[in-house]
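Structure record follows, encoded as structure tokens.
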């Protein structure tokens, strides 16, 4: 049996070696996709365009703005002299935020009274608007704390804080969304390349007419499936290594956990993804159909239902059940656990089990389909 599996695997390797264009796509495409998606998909908001309607024109407003503009989060576009300009600037998307300082700001601050500074934010993009509001709240709190300390220093009083909140962020202290997205992007890239590449293997034999020669040989359906899968496991593991290296070089993603566990998790994921691909190849009649089916079954679910971008916990219960159709969902949990948290097997053993079950089911189905085709 092992000799027959080896013969099929050797044949598949030789076919892949001759198909230089396919090899170029398999190894080059993931790195390009990682770079494009990694830089393009980013929830961090920088260089927010702001306009200022300063009716007070005091040292307080200047200090406030200097603190706001000291980072790369905000860029001052222009000052406004007329209230009627505000609507035009927001309507035409010239700015994203307009800051309105009241004309009695300095007087109220000097009298230790509460001051309200108005922020008019473009809320069309809800996510960006929320991020902007968080930035603004943090900057306002910082400046307010500075004024409080100055006031207490002048009066000789000591500040009393009954409860002092000191947030500390583990695993991603800088709160960079890229570090959260890159593991998901790796999972999406690997499932696309694995499913698409292997889905063309058996159907290629059908189109060339060589499947008939295989059917009359002593080769069993199971041996054919395993022999066809082994070369793509090797190629996909090499591909995974390339993607990990690219993630480190381009985005600084380091492996905080066990490399051995990462290898085991990647192997289990590739086993599931290739099982899906070999099933598609078994039921498809042409490479065009197999390619389209592979894209639909890998790209869309891994992008929408895997937790790559959208949190699964926020989805309706029915949709949460539907997310189990993609192995990328479970691989992304494993990747984030190992790459970002550095945790052990106890944190994701159930994800590994699902991937192994998923792959076994689809390889079994592919074997049954091939047996029926061989019998016919």
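Numbering (the working numbering), first residue to last: 1017 to 1392. Positions of the beta carbon are idealized from the N, C-alpha and C atoms, including for glycine. The structure presented is a predicted model; accordingly, all values stated were derived computationally and were not measured.
Where residue 1338 and residue 1197 are concerned, what is the direct C-alpha to C-alpha distance, given to the nearest angstrom? As a position in the chain shown, residue 1338 is number 322, starting the count at 1. As a position in the chain shown, residue 1197 is number 181, starting the count at 1. If you take the alpha carbons of residue 1338 and residue 1197, they lie about 21 Å apart.
Specify the secondary structure class of residue 1092 as computed by DSSP and reduced to three states. Counted from its first residue, the chain shown places residue 1092 at position 76. Note: residue 1092 maps to strand in three-state DSSP.
Counting beta carbon pairs with one atom in the region 1230–1244 and one in the region 1320–1330, are three or more of them shorter than 8 Å? At 8 Å Cβ cutoff, the stretches do not touch.
Any chance the region 1066–1080 sits against the region 1246–1258, with 3 or more Cβ pairs inside 8 Å? A contact between stretches requires three or more CB pairs, one per stretch, nearer than 8 Å, and the region 1066–1080 fails this requirement with the region 1246–1258.
Excluding the five sequence neighbours on either side, which residues of its own chain have a C-beta within less than 7 Å of the C-beta of residue 1152, listed in chain order? For the purposes of this step, residue 1152 is taken as the residue at position 136 of the chain shown. Answer for residue 1152: 1135, listed in chain order.
Is DSSP giving residue 1057 helix, strand or coil here? Reading the chain shown from its first residue, position 41 is the one you call residue 1057. Under the three-state reduction of DSSP output, residue 1057 falls in the coil class, being neither helix nor strand.
CB-CB under 6 Å to residue 1124, same chain, minus the five flanking residues each way: which ones, in chain order? The residue labelled residue 1124 in the question sits at position 108 within the chain shown. Correct list, in chain order: 1131.
Do three or more CB pairs link the region 1207–1219 to the region 1286–1300 at distances below 8 Å? As far as the Cβ criterion goes, the region 1207–1219 touches the region 1286–1300, which means the pair count is three or higher.
List the whole-angstrom C-beta distance separating residue 1067 from residue 1094, where the pair is believed to meet the contact cut-off of C-beta under 8 Å. For the purposes of this step, residue 1067 is taken as residue 51 along the chain shown, with counting starting at 1. For the purposes of this step, residue 1094 is taken as residue 78 along the chain shown, with counting starting at 1. Indeed they touch by this definition, with Cβ atoms about 5 Å apart.
Give the straight-line distance between the Cα atoms of residue 1307 and residue 1300, rounded to the nearest whole angstrom. The residue labelled residue 1307 in the question sits at position 291 within the chain shown. The residue labelled residue 1300 in the question sits at position 284 within the chain shown. So the two alpha carbons sit approximately 9 Å from each other.
Please state whether the Cβ-Cβ distance between residue 1116 and residue 1105 is less than 8 Å. Position 100 of the chain shown holds residue 1116. Position 89 of the chain shown holds residue 1105. Contact: no.
Given a threshold of 16 other Cβ atoms within 10 Å of its Cβ, counted over all protein chains shown, does residue 1129 qualify as buried or as exposed? Numbered from its first residue, the chain shown carries residue 1129 at position 113. Classification for residue 1129: exposed.
Alpha carbon to alpha carbon, what distance is there between residue 1281 and residue 1312? Stepping through the chain shown from its first residue, residue 1312 is reached at position 296. Stepping through the chain shown from its first residue, residue 1281 is reached at position 265. Straight-line Cα distance between these residues: approximately 24 Å.
Please name the residue in 1059, 1092, 1359 whose C-alpha comes closest to that of residue 1277. In the chain shown, counting from the first residue as 1, residue 1277 sits at position 261. Among 1059, 1092, 1359, the Cα nearest to that of residue 1277 is on 1359.
Own chain, CB closer than 7 Å to residue 1269, minus 5 neighbours either side, in chain order: Here residue 1269 refers to the residue found at position 253 of the chain shown. 1195, 1198, 1263, 1355.
Pull up the distance between the alpha-carbon of residue 1375 and that of residue 1367, whole angstroms please. The count along the chain shown starts at 1 and reaches residue 1375 at position 359. The count along the chain shown starts at 1 and reaches residue 1367 at position 351. The alpha-carbon of residue 1375 is positioned some 12 Å away from that of residue 1367.
So, at 7 Å on beta carbons, what are the nonlocal neighbours of residue 1207 in its own chain, with the 5 sequence-adjacent residues on each side left out? Residue numbering aside, residue 1207 sits at position 191 when the chain shown is read from its first letter. For residue 1207, same chain residues with a beta-carbon under 7 Å away, outside a window of 5 residues either side, are 1289, 1314, 1318, 1343, 1344 in chain order.
Can you look up residue 1066 in the DSSP assignment and give me helix, strand or coil? The residue given as residue 1066 occupies position 50 in the chain shown. Residue 1066 falls in the strand class under three-state DSSP.
What residues match up with residue 1134 in a beta bridge as DSSP calls it? In the chain shown, the residue the question calls residue 1134 occupies position 118. Bridge pairing for residue 1134: 1116 [DSSP].
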